[in-house]
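Only one structure is covered here, and it is reproduced in the block below.
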Amino acid sequence: MKREETRRQRYDKKLKTAKRYPISLCAINFRIDDNLGYLLRSAACFGAERLYVIGHVPERSSIKASSGSLIDYVEIEKFKNPSEFLTQMEIEGIQVVSAELVEGARSLCSYDFNFSRPVCLVVGNEQTGVPPEIIQRSEVLYIDMPGVGYCLNTSQAANILLYEAITQYERNQALVAQSDRATDF
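Written out as structure tokens, the structure reads:
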């Protein structure tokens with residue numbers, strides 16, 4: 008069976024009702040271009056506001072397929088280094104939350120996101136992780152992994168963080184709406 012609409016037409020149609028959340032992703036100089044494409048896809052599918060990239064942004068043609076052709080639906084903002092990124096987050100009042108396996112990191116399972124201001128979820132380079140400068144100036148989380156493995160692909164980790172953040176945001180919004188209805192009586 009042949010589809011009547013192109014992928015782009017289906018995306019454009021869904022764009023009219025798509026949600027956007029005060030949540031963004033940040034990637035740090037990925038070695039594998041497809042990982043950035045996967046992050047773009049996740050950002051578009053989950054309604055993230057934008058994707059920040061510290062370092063290299065690959066050519067559009069090299070990430071279009073892995074982004075599911077969603078590259079045009081997510082704003083990409085590039086930074087030269089972590090310091091430039093952190094300064095911009097401070098100026099915009101965005102809370103930085105990093106995923107990293109370091110001492111002092113908190114379990115995502117027991118973490119409550121604070122949505123009093125926008126949130127940026129940071130995932131590190133595939134080999135070097137999140138730079139210490141960002142770790143020192145962010146909330147740091149790890150994803151519980153009860154199996155034999157202990158480290159996910161960076162784009163997979165971003166998906167889990169993004170899903171949990173969106174889930175908590177929706178839950179918080181429902182509680183606020185319920186509270187507002189209760190006070191209307």
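Here the sequence shown is numbered in our numbering, starting from 8 and rising by one per residue.
Backbone N, C-alpha and C define an ideal beta-carbon position, used for all residues, glycine too.
Source: prediction; values computed, not measured.
Item: Taking I35 and G131 to be in contact with their CB atoms under 8 angstroms, please state how far apart those CB atoms are, rounded to whole angstroms.; Value: 5 angstroms
Item: Just to confirm before moving on: does the CB-CB distance between Y59 and F37 stay below 8 angstroms?; Value: no
Item: May I ask you to report which of helix, strand or coil DSSP gives R113?; Value: strand
Item: What did DSSP end up calling K85 once you bin it into helix, strand or coil?; Value: strand
Item: Looking only at its chain, what residues have a beta carbon closer than 7 angstroms to the beta carbon of T24, apart from the 5 residues adjacent to it on each side?; Value: none
Item: Who are the Cβ neighbours of Y176 in its own chain at under 8 angstroms, not counting the five residues just before and after it?; Value: Y28, P29, I30, F120 and F122
Item: What three-state label does DSSP hand I98 in the structure shown?; Value: helix
Item: Would you call the region 153-166 in contact with the region 40-57, where contact means no fewer than 3 C-beta pairs closer than 8 angstroms?; Value: yes
Item: Just to confirm the assignment: which complete beta strand (DSSP E) runs, minimum length 3, are found wholly within the region 139-175?; Value: 146-149
Item: Considering L32, what are the terminal residues of the beta strand (DSSP E) in which it resides?; Value: I30 to I35
Item: Thinking G100 and R124 are a contact (beta carbons under 8 angstroms), I'd like their distance in whole angstroms, please.; Value: 5 angstroms
Item: Taking the beta strand (DSSP E) that L46 falls in, what are its first and last residues?; Value: It is not in any beta strand (DSSP E) - L46 instead sits in the alpha helix (DSSP H) that spans D40 to F53.
Item: Leaving aside the five residues before and after Y80 along the sequence, list all residues of the same chain whose C-beta is less than 8 angstroms from its C-beta, in chain order.; Value: Y18, L22 and A51
Item: Using the C-alpha atoms, what's the distance from Y170 back to Q16?; Value: 25 angstroms
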